[in-house]
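Numbering (my numbering), first residue to last: 109 to 499. In what follows, a structure is listed as structure tokens, so that the remarks can point back to it.
In structure tokens:
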């Protein structure tokens, strides 16, 4: 299968997964805005896009494996095994099994214990199976591209990298949806937010303290939800300009839409933060040997993003955070992102060499080029294997 066919197959997978994730958010919007947080029925028109997207994604993932149902057909050598069976999209197939467990388990759970309420209505035990299943299906093109440097080189154009970028964005959206009650781009209900505590409660220091803790926590957690996938992508690719912006805006737009864009103007902060990240990446052109750009991006992006966010809250929504709390929260977001960058993209490991310039025996095979490795210096999976490891 040639590069164009691989790209086209991954692109179709990404688009089908987009329908699945869009259905998830449409269902979430329905529960929040039309059912006042109630769970509702399993079989409803509001689940239509969700079920359609799942069915189409599942059918597509299964039919990429003709050796499973065609006599004499053999899997290509680049397929990766799941429980010993070579598959085109092994994580997607695993996601189908998890989704089946989650669906029937959730039905049994509700029959035994009734519907959940509060935060539990999102993170109920069998809902977690469904979220992981959705993420596994959505991640298929990302994993496919990750193990195929021959088709998706580290220095790729935006068009070339589009399928894994869409896939990464969808997985991030699923993660953000699962933690919607900790997201800064919507006011989750029922809750009380900083700057909007009712007068009869504002005199209670415990209430004020709780809202400030929750508010700062939402910002810091949302910051990590946005930055972590960006760091992951930067380990593998030199992202073209616009990659960070599209990721940030898509996630912020989807999350704000869950509550009918009550905080829709804050999506502009995601746009500004994404542009800041893209400008730093484009200007520094970081790679395995020059990691300073990653550190600068990790520190600057949260400062720009959340400073803009707090200004929008104050100007557009009359939500007045105490200045010391707002500045401190933005600072903690920057520090936490900087620390995360050292975990996600560690400094290059120096390899001692002999007098002849050959790596010492005990260090041969050391990952001297852990990220964005040029051709001939090891592939992204840490070895010198072939460039056609579609997964």
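Every residue, glycine too, gets a C-beta built ideally from N, C-alpha and C. This one's a predicted model, so the numbers in the text were calculated from it and none came from an experiment.
Checklist entry - Between residue 449 and residue 403, is the Cβ-Cβ spacing less than 9 Å? => result The answer is yes: Cβ separation under 9 Å.
Item to check | Rounded Cβ spacing between residue 353 and residue 420 (contact assumed at less than 8 Å) | outcome: Going by Cβ atoms, the distance from residue 353 to residue 420 rounds to 17 Å, so no, they are not a contact pair.
Checklist entry - With 16 as the cutoff for other CB atoms within 10 Å, does residue 393 come out buried or exposed? => result By the 10 Å Cβ count, residue 393 comes out exposed.
Item to check | residue 367 - DSSP class collapsed to helix/strand/coil | outcome: In this structure, residue 367 counts as coil in the three-state DSSP scheme.
Checklist entry - Going by the CB atoms, is the gap between residue 433 and residue 302 shorter than 9 Å? => result Yes.
Next on the checklist: From the DSSP secondary-structure annotation, give me the bridge partner or partners of residue 191.
Outcome noted: DSSP output for residue 191 lists no bridge partner at all.
Checklist entry - So, helix, strand or coil for residue 402, using DSSP? => result DSSP places residue 402 within a helical segment (H, G or I) once states are collapsed to three.
Checklist entry - Taking the alpha-carbon positions, what's the residue 154 to residue 138 distance? => result Going by the C-alpha atoms only, they are around 7 Å apart.
Checklist entry - Should residue 270 be labelled buried (16 or more other beta-carbon atoms within 10 Å of its own) or exposed? => result Per the 10 Å Cβ criterion, buried.
Checklist entry - Excluding five sequence neighbours on each side, which residues of the same chain lie with their C-beta closer than 6 Å to the C-beta of residue 334? => result For residue 334, where only same-chain residues beyond five positions count, the Cβ hits under 6 Å are 356.
Next on the checklist: By the three-class DSSP mapping on this structure, what secondary structure does residue 182 have?
Outcome noted: Three-state result, residue 182: coil.
Item to check | alpha helix (DSSP H) segment containing residue 431, residue limits | outcome: Residues 431–452.
Checklist entry - Do residue 204 and residue 241 come within 9 Å of each other at the CB atom, strictly closer than that value? => result Cβ distance < 9 Å, so residue 241 and residue 204 count as in contact.
Checklist entry - How far does the alpha helix (DSSP H) with residue 343 in it reach, from first residue to last? => result If you look at residue 343, you'll find it in the alpha helix (DSSP H) that goes 313–344.
Next on the checklist: Using the three-state DSSP reduction, which class does residue 118 fall into: helix, strand or coil?
Outcome noted: Residue 118: helix per DSSP, three-state reduction.
Item to check | Same chain, Cβ closer than 6 Å to residue 272, neighbours up to 5 away in sequence not counted | outcome: Counting only Cβ-Cβ distances below 6 Å, and skipping sequence neighbours, we find 249, 250, 253.
Checklist entry - Relative to the C-alpha of residue 289, which residue among 314, 316, 262, 227 is closest? => result Ranking 314, 316, 262, 227 by Cα distance to residue 289 puts 227 first.
Checklist entry - So which of 426, 337, 347 has the shortest CA-CA distance to residue 388? => result Per the Cα distances, 347.
Next on the checklist: I'd like the list of long-range same chain contacts for residue 141, defined as Cβ closer than 6 Å, with 5 residues on each side in sequence excluded.
Outcome noted: Excluding residues within five positions, the ones whose Cβ falls inside 6 Å are 368.
Item to check | Coarse secondary structure for residue 389, derived from DSSP in three states | outcome: Residue state, collapsed to three classes: helix.
Next on the checklist: So for residue 239, helix, strand or coil by DSSP?
Outcome noted: DSSP places residue 239 in helix when its eight states are reduced to three.
Checklist entry - Under the rule that 16 or more other beta-carbon atoms within 10 Å means buried, what is residue 486, buried or exposed? => result Legend: pLDDT at residue 486 = 38, less than 50; position of this residue unreliable, no value from coordinates given.
Next on the checklist: Does chain B have any CB closer than 9 Å to the CB of residue 358?
Outcome noted: In the structure shown, chain B cannot be found, because there is only a single protein chain.
Checklist entry - In this structure, does DSSP put residue 53 in helix, strand or coil? => result What the structure shows of the chain is the stretch from 109 to 499, and residue 53 is not part of that stretch, so it cannot be assessed.
Checklist entry - If we count the other Cβ atoms within 10 Å of its Cβ and call it buried at 16 or more, is residue 215 buried or exposed? => result Exposure of residue 215 is indicated by the presence of fewer than 16 other C-beta atoms within 10 angstroms of its C-beta.
Checklist entry - Does DSSP put residue 138 in a helix, in a strand, or in coil? => result Note: residue 138 maps to helix in three-state DSSP.
Item to check | Cβ-Cβ separation, residue 412 to residue 384 (assumed contact under 8 Å), whole Å | outcome: Between residue 412 and residue 384 the Cβ distance is about 4 Å, and since that is below 8 Å, they are a contact.
Checklist entry - Span of the alpha helix (DSSP H) holding residue 210? => result In the DSSP assignment, residue 210 falls within the unbroken alpha helix (DSSP H) covering 198–221.
Checklist entry - For residue 71, does the count of other Cβ atoms within 10 angstroms reach 16, so buried, or fall short, so exposed? => result Look at the range of the chain in this structure, 109 to 499, and you will see that residue 71 is not part of it.
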